[in-house]
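Protein chains in written order, with our numbering: chain A, 2 to 118; chain B, 204 to 314.
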């Protein structure tokens with residue numbers, strides 16, 4: 002498996018523009034997470050899905066942020082309009098429950114480095 | 204109080220040294236625990252899961268104390284390649300719903 006795939010790897014945009022980040026989870030994983038990482042706040046969970054359904058979006062900072070998961074193999078995180086303080090690395094991760102042990106771990110994509118100028 | 208707290212670091216140690224990282228968590232309902240490693244400008248990657256009885260993987264040993272809500276990671280015979288940020292992660296969901304990351308402890312192993 003290729004792992005969690007995110008695109009683009011880097012995005013530079015002007016304040017006020019719409020930004021769309023994309024994620025393809027590992028096949029068979031039924032949980033998908035969006036995280037944001039900054040030096041000041043570390044790694045923060047924004048939202049997660051289970052079987053394509055949003056379960057907890059309490060970490061989404063503002064209404065400018067929205068996330069969708071139209072099917073099991075694709076998710077988007079959209080920021081509209083973008084602001085300079087949105088500059089960060091955005092990670093997508095996926096996980097599954099192991100039937101044998103009940104354990105689960107999150108596998109991360111390589112991240113999208115977003116810069117809003 | 205933050206949900207997951209770690210030693211602030213950074214830790215600068217010589218090759219071959221033994222180094223220990225500590226982590227505390229606030230949610231007593233936490234279900235599972237992990238240590239992740241993150242290299243500069245890379246994504247976090249699982250280093251090891253932490254089990255109640257403690258577990259060892261080569262030079263790495265993880266311990267969990269549920270009563271004290273405390274997790275530790277011990278690295279023996281440290282290598283230059285161990286230099287990274289180590290993230291303590293607590294899953295507070297019943298079935299993998301919510302991975303909460305600590306702020307991380309940065310380790311630099313010096314020649």
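For each residue, glycine too, the CB sits at the ideal point set by N, CA and C.
Computed from a predicted model, the values in this text were never measured in an experiment.
Ordered along the chain, which non-local residues of its own chain (more than five positions away) have a Cβ less than 6 Å from that of residue i?
| i | result |
| --- | --- |
| residue 114 of chain A | 11 and 90 |
| residue 44 of chain A | 36 and 38 |
| residue 116 of chain A | 13 and 88 |
| residue 235 of chain B | 294 |
| residue 260 of chain B | 251 |
| residue 77 of chain A | 21, 23 and 69 |
For a test of the three-state rule: what should DSSP assign to residue i, helix, strand or coil?
| i | result |
| --- | --- |
| residue 87 of chain A | helix |
| residue 99 of chain A | coil |
| residue 285 of chain B | helix |
| residue 81 of chain A | coil |
| residue 25 of chain A | strand |
| residue 39 of chain A | strand |
| residue 72 of chain A | strand |
| residue 14 of chain A | strand |
| residue 309 of chain B | strand |
| residue 116 of chain A | strand |
| residue 232 of chain B | coil |
| residue 227 of chain B | strand |
| residue 45 of chain A | strand |
| residue 211 of chain B | coil |
| residue 217 of chain B | strand |
| residue 7 of chain A | strand |
| residue 55 of chain A | strand |
| residue 301 of chain B | coil |
| residue 107 of chain A | coil |
| residue 295 of chain B | coil |
At the 7 Å Cβ level, is residue i part of the contact set with chain D, yes or no?
| i | result |
| --- | --- |
| residue 88 of chain A | Protein chains A and B are contained in the structure displayed, whereas chain D is not. |
Return the Cβ separation of residue i and residue j in integer angstroms, given the expectation that the two are a contact with Cβ distance under 8 Å.
| i | j | result |
| --- | --- | --- |
| residue 24 of chain A | residue 110 of chain A | 6 Å |
| residue 29 of chain A | residue 48 of chain A | No, residue 29 of chain A and residue 48 of chain A are not in contact; Cβ-Cβ is about 21 Å, not under 8 Å. |
Can you list, in chain order, the residues of its chain with a C-beta nearer than 7 Å to that of residue i? Leave out the 5 residues immediately preceding and following it.
| i | result |
| --- | --- |
| residue 73 of chain A | 53 |
| residue 51 of chain A | 31 and 32 |
| residue 231 of chain B | 272 |
| residue 106 of chain A | 96 |
| residue 220 of chain B | 281 |
| residue 242 of chain B | 287 |
Ignore the nearest five residues each way along the sequence and tell me which others in residue i's own chain have a CB closer than 8 Å to its CB.
| i | result |
| --- | --- |
| residue 216 of chain B | 222, 281, 310, 311, 312 and 313 |
| residue 206 of chain B | 228, 229, 230, 293, 295 and 303 |
| residue 85 of chain A | 16, 117 and 118 |
Practice task
Check distances from the C-beta atoms of the stretch 78 to 101 of chain A to those of chain B and list, in chain order, the residues that come in under 9 Å.
Solution key: Here the close residues are 90, 92, 94, 96, 97 and 98.
Practice task
Note down, in chain order, all residues in the stretch 246 to 262 of chain B with a beta-carbon under 8 Å from any beta-carbon belonging to chain A.
Solution key: 246, 247, 248, 249 and 252
Exercise for the section: Note down, in chain order, all residues in the stretch 264 to 280 of chain B with a beta-carbon under 8 Å from any beta-carbon belonging to chain A. Expected result: none
Handout entry: Selection of the stretch 225 to 244 of chain B by Cβ proximity to chain A, strictly under 7 Å
Key = Taking 7 Å as the Cβ-Cβ cut-off against chain A, the residues of the stretch 225 to 244 of chain B that qualify are 235 and 237.
Exercise for the section: Please go through the stretch 239 to 276 of chain B and give each complete alpha helix (DSSP H) segment of 4 or more residues, from N-terminal end onward. Expected result: none
Handout entry: Interfacial residues, the stretch 212 to 224 of chain B to chain A, with Cβ spacing under 9 Å
Key = The stretch 212 to 224 of chain B vs chain A, Cβ under 9 Å: nothing.
Problem - Residues of the stretch 7 to 26 of chain A with Cβ closer than 8 Å to any Cβ of chain B, in chain order - result: none
Problem - Within 8 Å of chain B by C-beta, residues of the stretch 49 to 64 of chain A in sequence order - result: 49, 51, 56 and 57
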